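Trainee: Numbering-wise (UniProt numbering), the sequence shown opens with residue 1 and increments by one.
Here a beta-carbon is modelled for each residue, glycine too, at the ideal position from N, C-alpha and C.
For clarity, every value in this text was computed on a predicted model and none was experimentally measured.
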Amino acid sequence: MAKGFLMTLSMNIIVWNIRGVKKKKSRGYLRRLIRERNVAVVALMETKAVGFSRQDANWLLGGGWDFEAHPSEGLSVGFLILWRKDVDLIVTGASSHTMACTIKTSHDGRMTCYFVYGPKCHHRRRIIWEDVRNSCGGNEPLLVAGDFNLILAPEEKRGSGAFMARTKAGLLRILSWSFNLWIWGFPQ
1 MAKGFLMTLS MNIIVWNIRG VKKKKSRGYL RRLIRERNVA VVALMETKAV
51 GFSRQDANWL LGGGWDFEAH PSEGLSVGFL ILWRKDVDLI VTGASSHTMA
101 CTIKTSHDGR MTCYFVYGPK CHHRRRIIWE DVRNSCGGNE PLLVAGDFNL
151 ILAPEEKRGS GAFMARTKAG LLRILSWSFN LWIWGFPQ
């Protein structure tokens, strides 16, 4: 591990491709998960919500949560980040495929988070990864999470078209930069 990289993030974060934020069933499941896991930050993508108000946030999680929404474009994408009011979080950027924020951690540390809903077009996806890479700096920890719209193994593939085995290697090459890399689900 790189010198000066170790830090403790003592909070739980949910990242979920919800496919419709205003569904009653999703609301119940999300509330239960937050309660059981003591979640402090929730990042939802593919909200399919053109607008999201304070009233919507209260309906979804109750009072005590701040939020920032990036509306969907038609029936696709849309981002929503909600955080407990006791969490020091600043949204630093939003686009149709990413939302970025900085979370202040214990002992005056900071962590940058990028929540990604990857486009299906590999050219557009590469641009997003380059943007994430170029905006990272210093020894600050970085969390990149979301639905990358990537198939990493042939058994995940459904439908027509050939599976490209280079996808996993390409993702690792793009992300590995000069950071310590850990991707959940990949052997280390």
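Determine the closest residue to Gly146 out of Lys25, Lys120, Trp16 and Asn12, with distance taken between C-alpha atoms.
Mentor: Ranking the options by Cα distance to Gly146, first place goes to Trp16.
Trainee: Quick check on the burial criterion: 16 or more other C-beta atoms within 10 angstroms. Buried or exposed for Gly28?
Mentor: Burial call: exposed.
Trainee: Taking the C-alpha atoms as reference points, what is the distance between Phe148 and Tyr117?
Mentor: Straight-line Cα distance between these residues: approximately 6 angstroms.
Trainee: Tell me the rounded alpha-carbon separation between Ser95 and Ser72.
Mentor: Spanning the two alpha carbons is a distance of roughly 10 angstroms.
Trainee: Below 8 angstroms on the Cβ atoms is my contact criterion, and I expect Ile13 with Val50 to pass it. Report the Cβ-Cβ distance as a whole number of Å.
Mentor: The Cβ separation is near 25 angstroms, so there is no contact.
Trainee: Alpha carbon to alpha carbon, how far is Val39 from Arg158?
Mentor: Going by the C-alpha atoms only, they are around 33 angstroms apart.
Trainee: Taking the beta carbon of Arg37 as the centre, do at least 16 other beta carbons fall within 10 Å, making it buried, or is it exposed?
Mentor: The residue is exposed, with fewer than 16 neighbouring Cβ atoms inside 10 Å.
Trainee: Could you tell me the alpha carbon to alpha carbon distance between Val77 and Ser53, rounded to whole angstroms?
Mentor: Their Cα atoms are separated by approximately 17 angstroms.
Trainee: Any idea if Ile18 is buried or exposed, counting beta-carbon neighbours within 10 angstroms, 16 or more meaning buried?
Mentor: Per the 10 Å Cβ criterion, buried.
Trainee: Based on the DSSP output, what are the partners of Leu89 in its beta bridges?
Mentor: Partner(s): Ile103.
Trainee: Could you tell me the alpha carbon to alpha carbon distance between Asp66 and Glu46, rounded to whole angstroms?
Mentor: Approximately 19 angstroms between the Cα atoms of the pair.
Trainee: Just to confirm my understanding: we take Glu68, look at its own chain, exclude 5 residues before and 5 after, and list those with CB closer than 6 angstroms. What are they?
Mentor: Within the same chain, Glu68 has close Cβ partners Ile81 and Val91.
Trainee: Please classify Arg35: is it buried, with 16 or more other beta-carbons within 10 angstroms of its beta-carbon, or exposed?
Mentor: Arg35 comes out exposed.
Trainee: Would Phe79 and Thr98 qualify as a contact pair, given that the criterion is a beta-carbon distance under 9 angstroms?
Mentor: Yes.
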